[in-house]
Amino acid sequence: MSKAGALNLATGLGGKIDKSDVLSAVEKYEKYHVCYGGDEEERKANYSDMVNKYYDLVTSFYEFGWGESFHFAPRFKEESLRESIKRHEHFLALQLGLKPGQKVLDVGCGIGGPLREIARFSSTTITGLNNNEYQISRGKELNRITGVDKTCDFVKGDFMKMPFPDNVFDAVYAIEATCHAPDAYGCYSEIYRVLKPGQCFAAYEWCMTDSFDPLNQEHQKIKAEIEIGDGLPDIRLTGQCIDALKKAGFEVMWSKDLAVGSPVPWYLPLDKSHFSLSSFRLTAVGRFFTKNMVKALEYVGLAPKGSQRVQDFLEKAAEGLVEGGRKEIFTPLFFFVARKPHSGSQ
Ligand SMILES: C[S@@+](CC[C@H](N)C(=O)[O-])C[C@H]1O[C@@H](n2cnc3c(N)ncnc32)[C@H](O)[C@@H]1O
Numbered sequence: 001m002s003k004a005g006a007l008n009l010a011t012g013l014g015g016k017i018d019k020s021d022v023l024s025a026v027e028k029y030e031k032y033h034v035c036y037g038g039d040e041e042e043r044k045a046n047y048s049d050m051v052n053k054y055y056d057l058v059t060s061f062y063e064f065g066w067g068e069s070f071h072f073a074p075r076f077k078e079e080s081l082r083e084s085i086k087r088h089e090h091f092l093a094l095q096l097g098l099k100p101g102q103k104v105l106d107v108g109c110g111i112g113g114p115l116r117e118i119a120r121f122s123s124t125t126i127t128g129l130n131n132n133e134y135q136i137s138r139g140k141e142l143n144r145i146t147g148v149d150k151t152c153d154f155v156k157g158d159f160m161k162m163p164f165p166d167n168v169f170d171a172v173y174a175i176e177a178t179c180h181a182p183d184a185y186g187c188y189s190e191i192y193r194v195l196k197p198g199q200c201f202a203a204y205e206w207c208m209t210d211s212f213d214p215l216n217q218e219h220q221k222i223k224a225e226i227e228i229g230d231g232l233p234d235i236r237l238t239g240q241c242i243d244a245l246k247k248a249g250f251e252v253m254w255s256k257d258l259a260v261g262s263p264v265p266w267y268l269p270l271d272k273s274h275f276s277l278s279s280f281r282l283t284a285v286g287r288f289f290t291k292n293m294v295k296a297l298e299y300v301g302l303a304p305k306g307s308q309r310v311q312d313f314l315e316k317a318a319e320g321l322v323e324g325g326r327k328e329i330f331t332p333l334f335f336f337v338a339r340k341p342h343s344g345s346q
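Reminder that position 115 of the sequence shown reads as 115 in the UniProt record's numbering, one-by-one numbering, no gaps.
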């Protein structure tokens, strides 16, 4: 899917981390997680360091395998993965009712794949907020190449304390990003603060569903695999997200787990039993090739030491995501639209 090749993968590995420090960064990152003795409180207290390390380490793998948009999508039969990803972005723009000229905020924007697509689809001006410097530098380069830099920009900042004044955006959206927040209420409150009264916030959230049983060891193992593989402090239940929105002051217009009823499951591209030429790099065979390529690149010194370890925890993520999806205890597609009341100012 992505135009990024093996050389881009090798040179981008480690992001802004000095190449000689990649291995120690991997070790530090792993120690935050349950299977290496870490705990939830420590992950929450150090969320900024943990999440930034994670994205420095994985961004070039994501771009190599997934493309410019780092999210899942519900999918129809006969629809390609790429088409479904774009449709999912258009759906968000339509649900927000975006109008030409509006000033929009993309919270946790990655390298800006959705930002470029939604800005062109809706003729809006979008600011991408991201705490990861490496992703911002990639996003700026891609915006310049596509000409989107004339209307859209990136701001480096933490979505728990946004560098914007109150009541400035006509719409806010977040795609599979606010799951990294140590506290949903804190993050949604910031979104509420910067949104103009009467305007909407829409998001796709990563959540545990009501089928998740916290006393079930297998469910807990799957949850921990997703957390380590995806840089998450603690995956919330769908109901906890809704409660946090209301507590922050939002009126929830509607919400739905879009994984339910999707003709093609969202996790299919990562499923080992599935093969696809168009998303070959995500398949079991494609991942096997990438694994060996990274091993060779690391051996000859083109990729930094520790690169294979990154691929190992991404593999763990893929297994956890597929199992979580299959058992319907986890969804990356919990969608909601929430309005800041007209009376709601800061
Ligand atoms: C899975 S990626 C999704 C990126 C993008 N929304 C997309 O769909 O392509 C999650 C993003 O959230 C960003 N992020 C995580 N924690 C953040 C924080 N505290 N402040 C700002 N951005 C954050 C990460 O840097 C990353 O870009």
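Think of the CB as a built atom: it goes at the ideal place given N, C-alpha and C, for glycine as much as any other residue. As the structure is a computational prediction, the values presented were derived from the model and not from experiment.
Look at the region 185 to 259 and you find these whole runs of alpha helix (DSSP H), each 4 residues long or longer: 217 to 230, 238 to 248. Of the heavy atoms belonging to ligand 1, none sits nearer than 7 Å to the Cβ of Gln-199.
Here DSSP, grouped into helix, strand and coil, assigns Thr-283 to coil. Minimum Cα-Cα distance from Tyr-185 among the listed residues Ser-255, Ser-307, Asp-166, Ile-242 corresponds to Ile-242. In this structure, the alpha-carbon of Leu-98 lies about 13 Å from that of Val-337.
Partner residues in the beta bridge of Lys-161, as assigned by DSSP, are Asp-158. Scanning Ala-224, Phe-164, Ser-276, Leu-57 for the CA closest to the CA of Leu-321 turns up Ala-224. In the assembly as shown, Met-253 is an exposed residue. Its beta-carbon has fewer than 16 other beta-carbons within 10 Å.
Close CB contacts of Gly-324 within its chain, under the 7 Å cut and outside five residues either way in sequence, are with Ile-222, Ile-226, Phe-330 (chain order). At the C-beta level, Gly-231 and Tyr-54 come within 8 Å of one another. Relative to the non-hydrogen atoms of ligand 1, the Cβ of Asn-46 never comes closer than 7 Å to any of them.
Our two residues, Leu-297 and Gly-239, have alpha carbons roughly 44 Å apart in a direct line. Separation of Cys-187 and Val-300 (C-alpha to C-alpha, rounded to the nearest whole angstrom) is 43 Å. The alpha-carbon of Glu-30 is positioned some 28 Å away from that of Ala-203. The residue among Phe-335, His-88, Leu-237, Asn-167 with its C-alpha nearest the C-alpha of Pro-214 is Leu-237. In this structure, ligand 1 has a non-hydrogen atom nearer than 7 Å to the beta-carbon of Phe-70. Gln-135 sits buried, since 16 or more C-beta atoms from the chains shown fall within 10 Å of its C-beta. DSSP links Ala-174 through a beta bridge to Val-107, Ala-203. In terms of Cβ geometry, Phe-154 and Asn-130 form a close pair [threshold 8 Å].
For the 8 Å CB-CB criterion, Cys-207 and Ile-175 do not form a contact.
Between ligand 1 and Ala-177, a heavy atom-to-CB distance of less than 7 Å is present. Taking 7 Å as the cut-off, the C-beta of Phe-280 does not count as close to any heavy atom of ligand 1. Going by C-alpha positions, Asp-210 is about 14 Å away from Pro-332.
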